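One structure is given below, encoded as structure tokens.
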Amino acid sequence: MHDRLSAHRQSAVKSVPLVDLQAQRRRLGKRIDDALLRVCEHANFIMGGEVAEFERRLAEFCGTRHALSCGNGTDALLLGLMAKGVGPGDAVFCPTFTFAATAEVVALVHATPVFVDVLEDTFNIDPDSLINAIETARSARLRPVGILPVDLFGQPADYRALEDIAGQNGLWMFADAAQSLGAQYRGRWVGQITEMTATSFFPSKPLGCYGDGGAILTEDDELADRIDSLRIHGKGSNKYDNVRIGVNSRLDAIQAGILMEKLAIFPEELAARQLIAHRYSEGLRDVVRTPRIPNETTSVWAAYTIVVDHNRDKLAAGLKAAGISTAIYYPLPLHQQTAYKDFPRANGKGLPQAERLAQSVLSLPMHPYLDEATIERIIDEVRGLAGSG
Ligand SMILES: Cc1ncc(COP(=O)(O)O)c(C=O)c1O
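Under this note's numbering, the first residue of the sequence shown carries the number 15, and numbering increases by one thereafter.
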């Protein structure tokens, strides 16, 4: 008891970051240093051996035939759309409550992102709103071609419902799994659920590298070939044989070397995230709305996000004053952003759940190295502040 109290007091003086990348760095230490040095020694910085080996291990981890790495998660989405030949006149359906990259890539290939509302309890794309959005797109004389669901905060979208809608409307699905690598949905791993899946290795993601990185997962040999060509300037039999217009988007060998070390401990880290999320939910569910994870679905807890119906900003300020970092993902849905407000949205109206969530979500510190005393301190602070209104 005495030990626990003093641990609690000790942690009370430290500030708590949202994600603590240094804690993992301390754990992996020399393994990362050695991985970096190996690349410096062989000097194959672009598409060196680490890249193919990391792709092999990533595909094995996700249970997919192909894993194609690239420069970042945004490019992973872009390459997938390019491989599908998406272009002008095409409508691609995206949730509005997401990071800008999801819709940005649709606009970049000169197609039209059509915004869909989300479900208030899972934060993921709302199937009913999607049906409305398909109607909206048809009325605007756009050609509905595909759905870009986002697995927000690490939790897969409701793919069973989406598959039905996609099937009925002849749409493909391409998952934005930037936040959900390693999660499962009804017996399938992220990467096995949709025809293509994009992910990100941005440093703060559950599997992050030491810079930018991303990957596309697919079972489809033809798509994999096309993406492999597109990521290296549309190469054919070699990089000086250009058979299509592509981009330059490759994962650095240094990042692949780092990611292999991180992938080796990723399952353990996911288990730690799970325990922390469980502690948060147990400790907070009677004072704020805690995340709902549906049956047969797991989250990798890229973020642990609570919904605070009143005085969210006051709670965030109180936590900040207590040295606890929080974040608002996302303060403004995409259909209300300057760059995206003129694109169509379901019903042509507001998207009320997303608009409400933007006012009430708050993400708490989440990473696998949060210790018990710190978790307890965060829970106590949230309870004190949320309880006091
Ligand atoms: C939902 C979502 N999509 C796409 C991206 C883009 O990934 P990146 O930053 O690696 O380009 C991110 C992450 O930043 C994201 O959270």
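Where is the CB? At the ideal position from N, CA and C, for every residue including glycine. Note that the structure is a prediction, hence the values are computed from the model and not measured.
Sequence-distant residues of its chain with Cβ nearer than 6 Å to residue i (five each side left out)
i	result
SER25	Note that SER25 has pLDDT 49, beneath the 50 cutoff, so the model's placement of it is unreliable and the number below is only indicative. Correct list, in chain order: ALA387, THR388, ARG391.
ALA341	LEU32, SER377
GLN373	none
VAL302	ILE320, VAL322, ALA400
GLY181	none
GLY403	Bear in mind that a pLDDT of 49 at GLY403, under 50, signals an unreliable position, so the number given afterwards is only what the model happens to contain. For GLY403, where only same-chain residues beyond five positions count, there are no Cβ hits under 6 Å.
ILE246	LYS253
TYR224	ILE272
LYS249	SER243
GLY227	PHE215, LEU265, GLN269
PRO220	VAL314, ALA316
ALA336	GLU395
GLY332	LEU399
Contact set for residue i: own chain, Cβ-Cβ below 8 Å, skip 5 residues either direction
i	result
ILE393	ARG293, TYR294, GLY297, LEU298
PHE59	VAL53, ASP266, ALA267, ILE268
LYS334	THR340
GLY260	MET96, SER243, LEU244, ARG245, ILE246, HIS247, GLY248, LYS249
Option in the options with minimal Cα separation from residue i
i	options	result
ASP135	ASP89, GLN367, LEU162, GLU310	GLN367
LEU265	ILE46, GLY62, LYS28	GLY62
ALA400	LYS328, LEU273, ALA97, ALA316	LYS328
ASP356	LEU144, ARG45, ALA154	ALA154
ASP172	ASN183, ASP140, ARG157, ARG79	ASP140
ARG157	PRO281, ALA147, PRO163	ALA147
VAL30	ILE161, PRO308, HIS381	HIS381
GLU304	ILE246, VAL375, GLY271	A small correction: the amino acid at residue 304 is Thr; Glu does not occupy that position in the sequence shown. Nearest C-alpha to THR304: VAL375.
GLU369	TYR344, ASP385, LEU384, GLY362	TYR344
LYS276	ASP255, ASN256, PRO217	PRO217
ALA197	PHE167, ASN183, ASP239	PHE167
GLY99	ALA57, THR150, ASN138, LEU244	LEU244
GLN169	ARG200, ILE259, GLU282, CYS84	ARG200
ALA81	ALA238, PHE129, ARG39, ALA121	ALA238
ILE272	ASP34, VAL128, LYS44	LYS44
PHE129	ASN86, LEU144, ALA330, CYS84	LEU144
PHE68	ALA316, GLY398, ALA278	ALA278
ARG152	PHE137, LEU176, ASP165, THR126	THR126
PRO281	VAL261, ASP255, SER251, THR312	THR312
GLY364	VAL132, ILE161, GLU395, HIS124	VAL132
CYS84	ARG70, ARG71, GLY101, VAL65	VAL65
ASP235	SER251, GLU209, VAL257	GLU209
ARG174	ALA330, LYS28, ASN309	ASN309
ARG71	GLY101, HIS324, MET274	MET274
Range covered by the beta strand (DSSP E) that runs through residue i
i	result
ALA229	228-232
HIS381	First-last for HIS381: undefined, no H or E at that position.
ILE161	157-161
SER374	Element bounds for SER374: not the beta strand (DSSP E) but the alpha helix (DSSP H), 366-374.
SER214	210-214
Residue range of the unbroken alpha helix (DSSP H) whose run includes residue i
i	result
CYS223	Segment: none, CYS223 is in no alpha helix (DSSP H) and carries neither H nor E.
HIS56	35-56
SER263	Counting along the chain, SER263 falls outside any alpha helix (DSSP H), and DSSP gives it neither H nor E.
LEU399	386-401
ALA238	235-244
Proximity test, residue i beta-carbon vs ligand 2 heavy atom, cut-off 8 Å
i	result
VAL375	What this structure holds is ligand 1, not ligand 2.
Residues of its chain near residue i, where Cβ-Cβ distance is below 7 Å and the 5 sequence neighbours each way are ignored
i	result
VAL119	THR88, LEU91, LEU92, LEU95
PRO379	VAL30, PRO31, LEU32, ILE338, SER339, ILE392
ILE361	Per the sequence presented here, residue 361 reads as Asn, with Ile not at that position. These residues qualify, in order along the chain: ASN146, THR150.
GLY222	PHE215, PHE216
ALA97	LEU237, ARG240, ILE241, LEU244
ASP17	In this prediction, ASP17 has a pLDDT of 49, which is less than 50 and means its spatial position is unreliable; what the coordinates show is noted afterwards. Same-chain partners within the cutoff: there are none.
ILE179	PRO141, LEU144, ILE145
ASN183	ILE148, PRO158
ILE307	GLN169, SER313
HIS56	GLY62
- Task: Let me know the beta strand (DSSP E) ranges lying completely inside the segment 289-354, each 3 residues or longer, listed in chain order.
- Result: 318-321
- Query: Is there contact here, the segment 113-128 with the segment 340-354, by at least three beta-carbon pairs under 8 Å?
  - Reply: Segments in contact, yes.
- Query: Which runs of the beta strand (DSSP E) fall wholly inside the segment 164-200 and span at least 3 residues, in chain order?
  - Reply: 186-190
- At which residue ranges does the segment 70-151 contain complete beta strand (DSSP E) runs of 3 or more residues, listed in the order of the chain? 80-84, 104-109, 126-130
- Item | the segment 90-100 in contact with the segment 198-217 per 3-pair CB rule at 8 Å | yes
- Query: Taking three-plus beta-carbon pairs below 8 Å as touching, is the segment 67-79 in contact with the segment 187-206?
  - Reply: yes
- Segment contact, 8 Å Cβ cut-off, at least three pairs: the segment 44-53 with the segment 187-194: no
- Query: Within the chosen definition, does the segment 281-290 reach the segment 96-105 through at least 3 CB pairs nearer than 8 Å?
  - Reply: no
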